[in-house]
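Report on one structure; see the data block that follows.
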Amino acid sequence: MQFLALLSVFLNLFLAIHAAPVRHSKEVDTNKALPPNPPVTARVLFTFAYYPSGSDVQKEIEVAVELYGTVAPKTVKNFDDLAKGVKAVMAGDDPKVASNVKTLKFSGTRVTKMVEGQYIVGGEVLPGITTFSIYGGNWPEENFDLKFDRPGRLAMWNRGAGKQDSQYMINLGADGNPELDGRYTVFGQIVSGLDAFLDEIQSVEVSDMNQPMRDLILKYAVIESLRISNRDELHAKYLAKLQEFNSGDVSKGITLAPYMSGNPIEEEAAAQAGAPVMKYLCIIAIIAAAFFAYKRRAELLKNTNIVSLKEKLPF
């Protein structure tokens, strides 16, 4: 019975270590035709630092995001400024004193909420102090023109209608999150590294309140604002293409296939999962043999002819 219990422990340990991780990106239909994206007015590179579930090794993941300033110019402006850094002084402090001037920016802020299959929330630039945006503490949603019809949508988070600040959200639903439509302003999209983002960000451990148990940080947010002189013309072309798509011409749409850049962490995990099972069975067999020998040590010693070296040697 002790042997069976020991074997069970090792089998459970083996299965826990080598259980296949959940790959949410595999649930995404990369061939589904989706409405076309608006003109790109800015590009952002996000670097997230996180701890995968069961690991003490911090890892990083990079994703590229496009911002759509012709659809939500006010929202993109707020995000653009906070990505670059905004100089601010707390009420009552003397702005002429250099130490009173703070640079508020997204880099280094925490992801404060992660609801698997729904969204993450981050971007609180004055945590525990007050809300902030370039428009004041709170400001209303700009519009709901873009929908959560695909994963990787970048939107403004709010604490109720008309209560936006600096915080952003990114949805995680493999087929989108239509339940979020009409509540949050979408203004961007992950266009590179989407598969790794869906898989790795959702691998972090969270509390009952959906807060990451360990630091999940937006380490860097590097933004490039594009100089576009014909915004109105580009937006008009986008609207025409969108109308054609909605009328049934799916050739005017896009798919998510180009956004899936490949996930080296996933490939590594797959390689580990594909290692020869016999290797681990041999280890278990050796442990079982050692345990068997230990249990019968008295009998084995009794039946062994032990010869004294002193009787054999000529001295």
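Numbered according to mature numbering (1 follows the signal peptide of the UniProt record, and there is no 0), the sequence shown spans residues -19 to -1, 1 to 296.
For each residue, glycine too, the CB sits at the ideal point set by N, CA and C.
In the structure shown, A221 adopts helical secondary structure according to DSSP, grouped into three states.
Secondary structure within the stretch 159 to 186: the beta strand (DSSP E) runs of 3 or more consecutive residues, fully enclosed, are 167 to 173 (chain order). Per DSSP, reduced to three states, the secondary structure at F113 is coil, with no helix or strand assignment. A distance below 8 angstroms between beta-carbons, with the five flanking residues on each side excluded, links P17 to the following residues of its chain, in chain order: Y219, K222, L223, F226, K233, G234 and I235. For N139, the enclosing beta strand (DSSP E) covers residues R134 to N139. Between M95 and N191 the beta-carbon gap is near 6 angstroms, inside 8 angstroms, which marks them as a contact.
In the three-state reduction of the DSSP assignment, P54 falls in the helix class, which pools H, G and I. DSSP, reduced to helix, strand and coil, places Y49 outside both helices and strands of the structure shown, so it counts as coil. Within the stretch 58 to 97, complete beta strand (DSSP E) segments of at least 3 residues are found at 67 to 70, 82 to 85 and 90 to 96, given in chain order. Between V46 and G169 a beta carbon distance of about 5 angstroms is seen, short of the 8 angstroms cut, so the two are scored as contacting. Between the alpha carbons of S206 and D62 lies a gap of roughly 10 angstroms. Distance check between A79 and each of V70, F87 and T166 places V70 closest, using alpha-carbon atoms only. If you compare the alpha carbons of G35, D189 and L26 with that of E181, the shortest gap goes to G35.
For E41 and L199, the gap between their C-alpha atoms comes out near 10 angstroms.
For the pair Y100 and D230, the Cα-to-Cα distance works out to about 30 angstroms. Three or more Cβ pairs drawn from the stretch 131 to 145 and the stretch 160 to 169 lie within less than 8 angstroms of each other, which places the two stretches in contact. The C-alpha of N59 is placed about 10 angstroms away from the C-alpha of K65.
In the structure shown, the three-state DSSP call for A142 is coil.
Beta-bridge annotation (DSSP): N152 is paired with Y100. When the five nearest sequence neighbours on each side are left out, the beta carbons in the same chain lying within less than 7 angstroms of the beta carbon of R131 are those of L15, G157 and L237, in order along the chain.
Under the three-state reduction of DSSP output, V231 falls in the helix class. If you draw a straight line from the Cα of V203 to the Cα of T84, it is about 15 angstroms long.
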